[in-house]
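The sequence shown begins at 869 in our numbering and counts up one residue at a time. From the three backbone atoms N, C-alpha and C, an ideal C-beta is built for every residue, glycine too. Since the model is a prediction, treat every value here as computed from it, not as a measurement.
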Amino acid sequence: MTKWDQLNRQIVTCEKCPRLRKHCQRIAEEKRRAYLDWDYWGRPVPNFGDPRGKLLIVGLAPGAHGANRTGRMFTGDRSGDWLYRALDRAGYASQAESVSVNDGLALFGCSITAVCHCAPPDNKPTAEEVEHCRDWFQQTVDLVKPRVFLALGQLAWRAVIELARSREWYAGKLPKFGHGATVDLIGQRYLIGSYHPSQQNTFTGRLTEKMLDDVFAQIRKRMTQN
């Protein structure tokens, strides 16, 4: 078993947050009408992707009827539809569709993690719950050794900065988050921000496919810098 697999096995058996465990299990039992024939995952969702890649995408948390149902990051909901289409266009994914863990999707040169590995009520984990997941995030970063962090949303942005401070990769105030915002970290590392591909952002036009493509073009540029 690889270190990546070992870490993921530890993540999926985590029981640190009783509120989140109860919520995920309740959602898995009640289900959404459209998914009554699904056997929901209902547990912490592991990291996904290529641990040898130098791009680490950081999301907020699994969707209740997306990753909490399928057991794979950003899989089974519209946020994932947007993200994986962009990854496919950018050459990081083997296909544009992500519907289940058995659909054949593979990532190349990047991996996906989350600030919180369990689906929280109303998509809002508490500060304590985020803190409980911090160790998983730190271990993921230690294993992947990313050159570029892509933070999907403000909470992911803050989590990367806090980790960078703890590693002495960054000092100073919290940089302002924005789509396409970039922070140079020590050691030829970079943080890039993107609006989260949530329905709230994509349905309103706050985030477009071109905007996501532009971010991945920016990532490619950073990857080639010395």
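Nearest neighbour of W1037 by Cα position, chosen from L1018, L1059, L904, turns out to be L1059. Within the same chain, L923, Y1058, I1087, R1090 come within 6 Å of V1016 by CB-CB distance, once the 5 residues on both sides are set aside.
DSSP places I1060 in the strand class (E or B) of the three-state scheme. DSSP, read as helix, strand or coil, puts C1001 in helix. Straight-line spacing of the CA atoms in W1025 and P1043 works out to 9 Å. A buried status is given to F1084, since no fewer than 16 other beta-carbon atoms sit within 10 Å of its beta-carbon. Taking the C-beta atoms as reference points, D1082 is found nearer than 8 Å to G1048. Inter-residue distance for H891 and R937 is about 13 Å (C-alpha atoms, whole angstroms). Residue environment: S947 is assigned as buried (16 or more neighbouring CB atoms within 10 Å of its CB, all protein chains considered). Each residue's CA atom was taken as its position, placing R877 and E883 some 13 Å apart.
As the crow flies, the alpha-carbon of Q963 is around 21 Å from that of H933. DSSP places C892 within a helical segment (H, G or I) once states are collapsed to three. Check the Cα spacing between I1029 and each of V926, R894, Y903, G921: the tightest is with V926. Taking the Cα of R953 as reference, the smallest distance to any Cα among Q1007, M1079, Q1093 is reached at M1079. F1017 is bridged by DSSP to L924, L1059. Spanning the alpha carbons of D945 and D1052 requires a straight line of approximately 32 Å. DSSP lists G917, L924 as the beta-bridge partner residues of S979.
Listed in chain order, the non-local C-beta contacts of A1027 below 6 Å within the same chain comprise V983, local neighbours out to five positions each way being set aside. Your pair D918 and L955 does not check out as a contact, with CB atoms roughly 11 Å apart and the cut at 8 Å. Linking S1062 to C986 through their CA atoms gives a straight-line distance of about 21 Å. Following the DSSP letters along the chain, one finds D1082 in no beta strand (DSSP E) but inside the alpha helix (DSSP H) bounded by residues 1077-1091.
DSSP places L951 in the uninterrupted alpha helix (DSSP H) bounded by 946-957.
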